[in-house]
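Take this note's numbering: the final residue in the sequence shown is number 567, and no numbers are missing along the way.
Glycine included, each C-beta is placed from N, C-alpha and C at the ideal position.
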Amino acid sequence: MFRQVRAICLIILWTGIRAHADSLKLKDGECLKGQWVQVQGNNLIFNSEALGQLTLPLGKVASLSTQKQAVALLRTGKAIRGTLSFSPSGEWSLTRGAHSRQIASRDVAEILTEQGYARQLAAEHARFWQAWKGAASAGYSLQQGAQNARSLSLNANATRQRPGEPGFPSHWRTDASLTMLFATTHQAGIQISSNTLSTSVRQNYLYNPSDFVFVIGQLDHIQSENLYLRQTYGGGIGRDVIRKPRLAWSVLGGLTFVNEKFSGAPAGQHAEALVGEKAGIGIVKGVRLTHHLNFYTDLSNAGEYRFDTSAALTLHLMARLTANIGATDFYTSHVIPGPPITVIGPGGSLISLAPAATKNNFAFTTGLGFNF
């Protein structure tokens, strides 16, 4: 009696497995039962019940029928989900609910089961310096004559999104930027320098495709404003208002805490309100304009404010090489002049220069860039 019950259970189990098996029909008329594993380019990987794992060119496949949910990764980078099937005409079909989409085989980079794609995503552990996308540029100028002048500009902007695979919504986005401007002038034995260094990192968490919360940290050294070091830390909320291939625009707002040190003066702390925006516009193919603005209102000292803004026009010369024209501006309504600067003049004489007290630090740069 026990053997009969066990046999019946095995038959029912085997029938259920067979009912959920995938059906693969080849153009020579042969039909295989089993489980499809993956599609890589023009090859189908199939686990046959009778023959084991097979790698078959799609040119030999007449049709595939399965009830598994699949994720198709297109060569454009998009991902499409649905129940997978393959037709004799050489097209993949993905059905989700009442909607079905036909995709030509040549447009498919890879197709995975939903479980296989989730495992592939979970196995990805990119290191901190990996998976960044952005651009860096550099420019240099030299003048020799009665007045000798040198200037060097370095700029970099990068973004890192996790997860980075198509089809899975990104929740973490890191934006990093670096601006370095070094200028030195020699005339009649007197050297005058004007250096600017600004770097910031903003970590965003996207709780839906458009809205995010963020924390930000920024360091600034602006010699023309007599600013030795400004540390800015804070956070807030933002929204990706427009996100298209040729047009992107984001806005944000929040609160920051600032620790500020001017040369020759004690450090001071205050709170600021932050509003900002970032835009990218594809003007024509190969030409793009990017712009950002962060505006800070001092909450501790009424009427005082500052902003930093930049605009860059990028012309793609080759796949990764670009020519860039950029403008940056750092402005503050309040500066603290430092002590007079003593320099050695002609014949070894000491010359006292008036301290820097400018509110505006503007730079125009040109150079070559590299996309990564």
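Tell me, which residues are paired with residue i by DSSP?
{"i": "Leu246", "result": "According to DSSP, which records beta bridges pairwise, Leu246 is partnered with nothing at all."}
{"i": "Asp406", "result": "Arg434"}
{"i": "Gln630", "result": "The requested residue 630 does not occur in the structure, where the chain is confined to residues 196 to 567."}
{"i": "Leu414", "result": "Thr394 and Gln426"}
{"i": "Arg559", "result": "The displayed chain sequence assigns Phe, not Arg, to residue 559. DSSP output for Phe559 lists Ala522 as bridge partner(s)."}
{"i": "Phe502", "result": "Phe490 and Tyr526"}
{"i": "Gln342", "result": "Paired residue(s): none; Gln342 is not in a bridge."}
{"i": "Phe452", "result": "Tyr428 and Ala466"}
Report all residues from its chain with a CB closer than 6 Å to the CB of residue i; omit the five preceding and five following residues, and keep chain order.
{"i": "Arg201", "result": "With a pLDDT of 47 at Arg201, under the threshold of 50, the modelled position of this residue cannot be trusted; read the value that follows with caution. Here the set comprises nothing."}
{"i": "Gly475", "result": "Ala443 and Thr485"}
{"i": "Leu508", "result": "Leu484 and Ile520"}
{"i": "Thr427", "result": "Gln413, Thr451 and Val453"}
{"i": "Ser346", "result": "Ser336 and Ala378"}
{"i": "Arg368", "result": "Gln356 and Asn399"}
{"i": "Gln248", "result": "Asn242"}
{"i": "Gly370", "result": "It is worth fixing the name first, because residue 370 is Asp in this sequence and not Gly. Only Thr354 and Arg397 meet the Cβ criterion."}
{"i": "Arg425", "result": "Asp415 and Glu455"}
{"i": "Glu244", "result": "Lys228 and Gly229"}
{"i": "Leu392", "result": "Met375 and His416"}
Less than 8 Å between the CB atoms is what I'm expecting for residue i and residue j, so what's the real figure, rounded?
{"i": "Glu467", "j": "Thr451", "result": "5 Å"}
{"i": "Ile417", "j": "Phe525", "result": "6 Å"}
{"i": "Trp231", "j": "Leu239", "result": "7 Å"}
{"i": "Tyr423", "j": "Lys456", "result": "5 Å"}
{"i": "Thr527", "j": "Ala558", "result": "The pair is not a contact, with the Cβ atoms about 15 Å apart (cut-off 8 Å)."}
{"i": "Thr394", "j": "Leu376", "result": "The Cβ separation is near 12 Å, so there is no contact."}
{"i": "Ala462", "j": "Ile531", "result": "With 8 Å as the limit, Ala462 and Ile531 do not qualify as a contact, their Cβ atoms being about 11 Å apart."}
{"i": "Asn556", "j": "Ser458", "result": "With 8 Å as the limit, Asn556 and Ser458 do not qualify as a contact, their Cβ atoms being about 15 Å apart."}
Got a sec? Which residues, its chain only, sit under 8 Å from residue i by beta carbon, not counting five neighbours each side?
{"i": "Thr210", "result": "At Thr210 the pLDDT is 40, less than 50, meaning the model places this residue with poor confidence and gives no usable figure here."}
{"i": "Asn343", "result": "Thr380, His381 and Gln382"}
{"i": "Phe565", "result": "Ala330, Ala331, Ser332, Arg515, Leu516 and Thr517"}
{"i": "Phe567", "result": "Trp327, Lys328, Gly329, Ala330, Ala331, Ala353 and Arg515"}
{"i": "His366", "result": "Arg357, Pro358, Tyr400, Leu401 and Tyr402"}
{"i": "Ala341", "result": "Gln382"}
{"i": "Ser569", "result": "An answer regarding residue 569 cannot be provided, because it is not within the stretch 196 to 567 covered by the chain."}
{"i": "Glu309", "result": "Lys263, Gln264, Ala265, Val266 and Arg276"}
Taking just the CA atoms, how far does residue j sit from residue i?
{"i": "Ala214", "j": "Gly229", "result": "Residue confidence for Ala214 is low, a pLDDT of 43 falling below 50, so the modelled location carries little weight and cannot support an answer."}
{"i": "Ile411", "j": "Gln264", "result": "40 Å"}
{"i": "Asn390", "j": "Leu401", "result": "36 Å"}
{"i": "Leu289", "j": "Arg441", "result": "28 Å"}
{"i": "Ser295", "j": "Gly430", "result": "43 Å"}
{"i": "Ile306", "j": "Ile275", "result": "9 Å"}
{"i": "Gln572", "j": "Val303", "result": "There is no way to answer for residue 572, as the model of the chain reaches only from 196 to 567."}
{"i": "Ser218", "j": "Pro252", "result": "16 Å"}
{"i": "Gln262", "j": "Ala216", "result": "9 Å"}
{"i": "Asn496", "j": "His529", "result": "10 Å"}
{"i": "Lys554", "j": "Lys480", "result": "38 Å"}
{"i": "Gln338", "j": "Gly433", "result": "44 Å"}
{"i": "Ser260", "j": "Arg270", "result": "23 Å"}
{"i": "Gln315", "j": "Ala257", "result": "28 Å"}
{"i": "Asn350", "j": "Arg291", "result": "45 Å"}
{"i": "Arg322", "j": "Asp223", "result": "48 Å"}
{"i": "Ala506", "j": "Phe409", "result": "23 Å"}
{"i": "Phe407", "j": "Gly449", "result": "12 Å"}
{"i": "Glu225", "j": "Lys255", "result": "10 Å"}
{"i": "Leu246", "j": "Gln325", "result": "41 Å"}
{"i": "Phe281", "j": "Leu268", "result": "15 Å"}
{"i": "Gly311", "j": "Lys439", "result": "29 Å"}
{"i": "Ala313", "j": "Pro283", "result": "29 Å"}
{"i": "Ala293", "j": "Leu279", "result": "14 Å"}
Can you list, in chain order, the residues of its chain whose CB lies under 7 Å from that of residue i, leaving out five sequence neighbours each side?
{"i": "Ile437", "result": "Ala443 and Trp444"}
{"i": "Thr250", "result": "Asn238 and Ile240"}
{"i": "Gly334", "result": "Ser348, Thr560, Thr561 and Gly562"}
{"i": "Asp493", "result": "His465, Glu467, Glu499 and Tyr500"}
{"i": "Leu488", "result": "Gly471, Glu472, Phe502 and Thr504"}
{"i": "Asp435", "result": "Ser405 and Ser445"}
{"i": "Leu510", "result": "Gly481, Val482, Thr517 and Ala518"}
{"i": "Gln235", "result": "Glu305"}
{"i": "Ile478", "result": "Leu484"}
{"i": "Leu512", "result": "Ala518"}
{"i": "Gln297", "result": "Glu286 and Ser288"}
(request) Within the segment 244-287, note down every full beta strand (DSSP E) run reaching 3 residues or more, in order along the chain. (result) 247-252, 256-269 and 274-281
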